[in-house]
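Right, one structure below, let's go through it.
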């Protein structure tokens with residue numbers, strides 16, 4: 005193996021670890037933002053921060069778009085960024101950051117299901133088995149509660165469905181990008197789609213919330229604002245740039261392996277922050293990761 009190949013592999017692994025750290029840390033940043041701001045304020049400002057950071061990339065390219073591209077980019081902006089930003093923030097009002105990070109790992113399976121239902125792709129037997137295993141894991145995660153004993157049904161934490169709905173949004177987003185965009189590069193799609201939803205985020209933030217008042221008058225607002233800014237710039241804008249570099253320099257399959265590392269980082273931050281995980285939680289976490297891995301294993305074998 006040549007030195008160039010070794011250097012390339014080392015770079016790709018470095019980017020993979022960096023991306024895992026950034027995306028895996030998103031959930032603790034949401035948690036910090038929620039200490040001062042409402043879920044809606046966290047979600048909207050996250051979009052504002054990410055879209056503003058990518059303005060130099062998005063503005064020069066808007067004039068080259070046709071009406072169909074604009075329509076599809078608005079949809080991508082909504083289901084790929086805007087709606088999930090609100091859903092994750094809402095979920096974390098009642099879910100720990102670590103468990104939210106684990107549930108986010110369902111995104112690849114959501115891509116498969118949405119593709120089969122709406123975009124004429126096929127669900128293989130392996131996909132189906134992976135979905136079943138992951139579903140068992142999710143069921144365990146949302147029903148285990150402290151003091152209930154492992155396996156006891158204690159009712160479902162409905163806030164987990166906000167994360168699942170966000171994963172479904174991502175499923176639509178990635179299929180739309182795959183099947184409806186041929187000319188635009190992924191990073192261009194990301195940047196332009198964010199600017200499409202930027203006005204909605206700004207209007208909501210300034211006209212529908214107490215965001216400005218909190219920034220000026222509430223103790224701890226500036227550090228919380230910094231956490232959400234970091235979430236938008238790093239967790240949305242820069243992370244997507246890194247991901248697209250990885251897809252180009254390595255393979256999409258290698259880049260998608262970040263899915264399995266994000267929960268590890270999210271759990272690390274959660275435990276470090278004092279979040280308690282029970283034995284049942286660990287069983288559910290393992291089931292979700294195994295289900296996602298097994299459901300996507302065929303793609304790895306074919307690469």
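Numbering (the working numbering), first residue to last: 5 to 307. Backbone N, C-alpha and C fix where the C-beta goes; we use that ideal spot for every residue, glycine too. Computed from a predicted structure; not experimentally measured.
The segment 41 to 61 and the segment 222 to 240 touch, with three or more beta-carbon pairs separated by less than 8 Å. C-alpha of residue 263 to C-alpha of residue 62: approximately 27 Å in a straight line. Residue 170 is classed as buried because its beta carbon has at least 16 other beta carbons within 10 Å across all chains shown.
Proximity to residue 206 across 87, 265 and 45 peaks at 45, based on C-alpha coordinates.
Within the same chain, Cβ atoms closer than 7 Å to the Cβ of residue 98 are found at 161 and 163, the five residues on either side in sequence being excluded. Your pair residue 173 and residue 269 does not check out as a contact, with CB atoms roughly 22 Å apart and the cut at 8 Å.
Inside the segment 101 to 151, DSSP marks whole alpha helix (DSSP H) runs of 4 or more residues at positions 101 to 107, 111 to 122 and 129 to 147, from first to last along the chain. About 5 Å separates the beta carbon of residue 47 from that of residue 93, a gap short enough to meet the 8 Å contact definition.
A distance below 9 Å separates the beta carbons of residue 40 and residue 225.
DSSP, reduced to helix, strand and coil, places residue 192 within a helical segment of the structure shown. If only uninterrupted beta strand (DSSP E) runs of at least 3 residues are considered, none is enclosed by the segment 16 to 76.
By the criterion of a C-beta distance shorter than 6 Å, residue 265 is surrounded in its chain by 24, once the five residues flanking it on both sides are discounted. For the pair of segments examined, the segment 179 to 190 was found not to touch the segment 97 to 113: the number of CB pairs separated by less than 8 Å stays below three.
In this structure, DSSP gives residue 185 a state outside helix and strand, which the three-state scheme calls coil.
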